[in-house]
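Participant: Let me begin by handing over the structure; questions about it come next.
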Amino acid sequence: NKFFKIKFKNNVLKGVASYHGLVKGFVKVVFKENDLSKIEKNDVLVMSMTFTNSVKVLTKVAAIITDEGGILSHAAIISREIKKPCIIGTKIATQVLKDGDFVEVDANKGIIKIIKRK
Numbered sequence: 040n041k042f043f044k045i046k047f048k049n050n051v052l053k054g055v056a057s058y059h060g061l062v063k064g065f066v067k068v069v070f071k072e073n074d075l076s077k078i079e080k081n082d083v084l085v086m087s088m089t090f091t092n093s094v095k096v097l098t099k100v101a102a103i104i105t106d107e108g109g110i111l112s113h114a115a116i117i118s119r120e121i122k123k124p125c126i127i128g129t130k131i132a133t134q135v136l137k138d139g140d141f142v143e144v145d146a147n148k149g150i151i152k153i154i155k156r157k
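Sequential numbering of the sequence shown, starting at 40, is according to our numbering.
Take a look at the structure:
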């Protein structure tokens, strides 16, 4: 897929920064509400998009990454309220990132670097 190659090159994934910051942490990918129970303090949360019931875990994560969303999306608004680095609109984060990957989230530039694969 041509788009996939453009958005993910050299272990770097791009999106739109909705709240600034630079953090490193281990990825946890959440596909459904039941997956929220696996989130631990300082994980990097990766979701297609956040949902209302995810708010309770968003306060304990190091950063938020979503496939979807714009600057007025739920993830963008909540990240600004709780002051957590957040990159939205990656399109492919849930496909590329896996539980246990160690990443650097540079929400100042809208870039996620995979430092080490699980």
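Every residue gets a Cβ at the ideal spot worked out from N, C-alpha and C, and that includes glycine.
Since we're looking at a predicted model, the values are computed, not measured.
#1: Less than 8 Å between C-beta atoms, sequence neighbours within five positions excluded: which residues of the same chain meet that for Glu72?
#2: My output table needs one value for Asn40: the three-state DSSP class, helix, strand or coil.
#3: By Cβ distance, which residues of its chain are closer than 6 Å to Val62, with the 5 residues on each side in sequence left out?
#4: Closest to Thr133 by C-alpha separation, out of Ser118, Val96, Tyr58, Asp106, would be which residue?
#5: Could you give the first and the last residue of the continuous alpha helix (DSSP H) run that contains Thr133?
#6: Within 10 Å of its beta-carbon, does Lys53 have 16 or more other beta-carbons around it, so buried, or fewer, so exposed?
#7: Would you mind giving the Cβ-Cβ distance between Val69 and Met86, rounded to the nearest angstrom? I have them listed as a contact below 8 Å.
#8: Tell me whether Ser76 is buried or exposed, calling it buried when 16 or more other Cβ atoms sit within 10 Å of its Cβ.
Facilitator: Let's see:
#1: Correct list, in chain order: Phe90, Asn92, Ser93.
#2: Its pLDDT being 49, under 50, Asn40 is placed unreliably by the model, and nothing is read from it.
#3: Taken in chain order, the residues that qualify are Ala101, Ala102, Pro124, Val144.
#4: Selected option, being the one with the closest Cα: Asp106.
#5: Counting along the chain, the alpha helix (DSSP H) containing Thr133 begins and ends at 132-135.
#6: By the neighbour-count criterion, in which a residue is buried when 16 or more other Cβ atoms sit within 10 angstroms of its Cβ, Lys53 is buried.
#7: Right, the Cβ-Cβ distance comes to about 5 Å (below 8 Å), so this counts as a contact.
#8: Classification of Ser76: exposed, given that the 10 Å Cβ count is below 16.
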